[in-house]
Amino acid sequence: MINHWIDGKATNGTPERTADVYNPSTGQVSDQVALASQTEIDAAVQSAKDAFPDWRDMPVTRRQRILFSFRELLEQNRDELARLVSSEHGKTLADAAGEVQRGIEVVEFCTAIPHLMKGDYSEQVSTGVDTLTFRQPLGVAAGITPFNFPAMVPMWMYPVAIATGNTFVLKPSEKDPSVSMFAAELFAQAGLPSGVLNVLHGDKVAVDGLLNHPDVAAVSFVGSTPIAKYIYETAASNGKRVQALGGAKNHMIVLPDADMELAADAAVSAGYGSAGERCMAISVVVSVGDAADRLIPKIKERMAALKVGPSDAPGGDMGPLVTQQHRDKVSGYIDAGESAGAILVEDGRGFSVPEFPDGFYLGPTLFDSVRTDMSIYQDEIFGPVLSIVRFDTFEEAISLINNNPFGNGTAIFTNDGGAARKFQNEIQVGMVGINVPIPVPLSHYSFGGWKDSAFGDHAIYGPEGIRFYTRPKVVIQRWPDPIHRGVDLGFPQSDGT
Ligand code: NAD
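Given below as structure tokens:
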């Protein structure tokens, strides 16, 4: 039983409600996870609330040392972290190790917290008056995270919130909850005081409990767009600071002058990596002119070489999807694309692994001549399905992307610097790749989409993460010898009069 982590330890009660956790590679139930009730929600928030005053006041250099120790423990346990991710999510071990690495990089960014928390000071803004600003933590922050990066996405949140002096309640996805428990254990071993990080498992009950809890000051969310919008509206109407990152439909333009070998590598890696279950996966290749005619044979060649199988198979490229329900939903999109008249170049339906007939497998799938009124174009499929849309002109390709409601990631493949510059300037998307298919910034930048891919004002992690989890305070001071001017009802003026 995977229970909660509250006040520095795993809870040991018998939960009222539980959910099955699967190993997607075998299709078998591997464990049960507790689903929080109101009592556990209150206990987790109370634990974070109680821990806040001491943690906020702990010298920043001591917080820094705990982060350094946490980073070392993550490093030492990276294989086990990756194994936990892979066994419940279904991505390959190599892909899971990459995810763990990107999470560790956020912790590394946070070890610079004494520098990142520095404020500003202006001397003599008026006669004998100085102004200083500094940032303070908000209190208890909550994080609600998706299944697809069970180690990395929580690490986009809690290391930043905790480094800046907040305490945290994490509600990870109920589909792959184990890695968060292990990370919480490692943070405790690193010296994190009890209650600073709590892990609350659950479903909508736990989420709503956090959104409506008066002691939660801020909410970070990453997941699908309808839930992101709900989280944003509910948390904001309850007066909380909120950042809610949603779903995506990421397009990659290929111009006729592109290096087609590079573009084919990119389309296959970004389309089928992690079985397409990435918010930055490429799901639409927008071919301009005759690019598709030269690209498709190269994509097919690479698809034929992909090894699909259990997530721990040595040398595997792609594992199963996360649940049977999700596999069936993605498979339903392939049915819909075929019925709507798209050309099915490669069909992943019916793919199975003989040793594990119940695993949630689907082979890589490629559609050509997809129209924008088809559901395979309009919806985020979140599976190994790549669609090719054809246009005559670059302008039409740009308008397609700009008219799409999502704006998470996009890419262009070209050797024309002018076209690339026009693209980077005009495209209405938050993260842009030029001859780079998955433009995810490193931890010292910030991550965030535009339009229906993100709600709220701050991107996540990096400098924007520091801003999200802190608020500025301005102090205007006059020391040590006040000038007595008597009562003055006029508005203060900057020249000291
Ligand atoms: P999801 O929206 O179903 O779930 C995300 C979280 O919300 C989970 O913790 C879940 O328990 C909770 N939740 C689910 N339904 C809820 C409800 N009705 N009310 C309250 N809470 C609810 O997303 P998912 O399927 O776990 O993850 C995949 C989605 O996440 C995709 O849409 C993907 O694009 C998106 N995603 C976005 C980013 C990004 O940075 N923009 C990153 C990763 C994933």
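For the sequence shown, position 309 (counting from the first letter as 1) is numbered 836 according to my numbering, and the numbering increases by one without interruption. Every residue, glycine too, gets a C-beta built ideally from N, C-alpha and C.
Boundaries of the alpha helix (DSSP H) in which Phe921 is found, first to last residue
Phe921 to Asn930
Reducing DSSP to helix, strand and coil, say where Arg629 ends up.
helix
Looking at Glu701 and ligand 1, is the gap between the Cβ and the nearest heavy atom below 7 angstroms?
yes
Any contact of the segment 745-755 with the segment 771-789, i.e. 3+ C-beta pairs under 8 angstroms?
yes
For the 8 angstroms Cβ check, are there 3 or more pairs between the segment 594-601 and the segment 742-750?
No, the segment 594-601 is not in contact with the segment 742-750.
Starting from the C-beta of Ile671, find all residues in its chain whose C-beta is less than 6 angstroms away, skip the five residues before and the five after it, and write them out in chain order.
Lys698, Val734 and Phe748
What would DSSP say about Arg608, mapped onto helix, strand or coil?
Here residue 608 turns out to be Leu, not Arg, going by the sequence shown. Helix at Leu608.
So, with DSSP's three-state summary, where would you put Val706?
helix
With DSSP collapsed to three states, give me the class of Ser902.
The three-state secondary structure of Ser902, taken from DSSP, is helix.
Our contact map puts Val667 next to Asp742 with C-beta atoms below 8 angstroms; I'd like the distance itself, whole angstroms only.
6 angstroms
Relative to the alpha-carbon of Asn739, which residue among Tyr759, Gly750 and Val723 has its alpha-carbon at the smallest distance?
Tyr759
Around the Cβ of Phe940, are there at least 16 other Cβ atoms within 10 angstroms (buried) or fewer (exposed)?
buried
So, does the segment 968-976 touch the segment 944-951, judging by three or more C-beta pairs under 8 angstroms?
no
If you follow the alpha helix (DSSP H) that Asp577 is part of, which residue opens it and which one closes it?
Gln565 to Asp584
Tell me whether Ile593 sits in a helix, a strand or coil according to DSSP, three-state version.
helix
Where the beta strand (DSSP E) containing Glu865 begins and where it ends
Glu865 -> not in any beta strand (DSSP E); alpha helix (DSSP H) instead, spanning Gln851 to Ser866.
Would the segment 901-916 and the segment 620-636 be scored as touching if the rule is three or more Cβ pairs under 8 angstroms?
no
Classify Val1001: buried if its beta carbon has 16 or more other beta carbons within 10 angstroms, exposed otherwise.
exposed
Does DSSP classify His616 as helix, strand or coil?
helix
Taking 8 angstroms as the threshold (C-beta atoms), are Leu611 and Val680 in contact?
Contact: no.
Val680 lies in the alpha helix (DSSP H); which residues open and close that run?
Met679 to Ala690
Please tell me whether, using a cut-off of 7 angstroms, the distance from the CB of Glu602 to the nearest non-hydrogen atom of ligand 1 is below it.
no
Pro837 to Asp577 span [Cα, whole Å]
44 angstroms
Along the alpha helix (DSSP H) that carries Met779, what are the first and last residues, could you check?
Element bounds for Met779: not the alpha helix (DSSP H) but the beta strand (DSSP E), Asn777 to Val781.
With 16 other CB atoms within 10 Å as the buried threshold, where does Tyr648 fall?
exposed
Sorted by chain position, which residues of the same chain lie with C-beta nearer than 6 angstroms to Glu804's C-beta, five sequence neighbours on each side aside?
Same-chain partners within the cutoff: Asn675 and Phe909.
Mapping the DSSP letters down to three states, classify Gln1020 as helix, strand or coil.
coil
Return yes when at least one heavy atom of ligand 1 lies under 7 angstroms from the C-beta of Ser747, else no.
no
Counterpart residues of Ala668 in DSSP-defined beta bridges:
Phe695 and Ala745
Less than 7 angstroms separating the Cβ of Pro673 from some heavy atom of ligand 1?
In terms of side-chain proximity, the C-beta atom of Pro673 is found nearer than 7 angstroms to a non-hydrogen atom of ligand 1.
For Ala863, I'd like the list of residues in its chain whose CB is within less than 8 angstroms of its CB, leaving aside the five on either flank, ordered along the chain.
So the qualifying residues of the chain are Met901, Ser902 and Ile903.
Residue environment, Ser866, which counts as buried when at least 16 other CB atoms sit within 10 Å
exposed
Do Gly692 and Pro720 have their CB atoms nearer than 8 angstroms?
In this structure, Pro720 does not lie closer than 8 angstroms to Gly692 by Cβ.
Please state whether the Cβ-Cβ distance between Phe887 and Pro551 is less than 8 angstroms.
Going by C-beta atoms, Phe887 is nearer than 8 angstroms to Pro551.
What does a CB cutoff of less than 7 angstroms around Val795 pick up in its chain, not counting 5 residues either side in sequence?
Ile826, Arg829 and Met830
Backbone CA spacing between Ser973 and Lys767 [nearest angstrom]:
Distance between the alpha carbons of Ser973 and Lys767 is about 21 angstroms.
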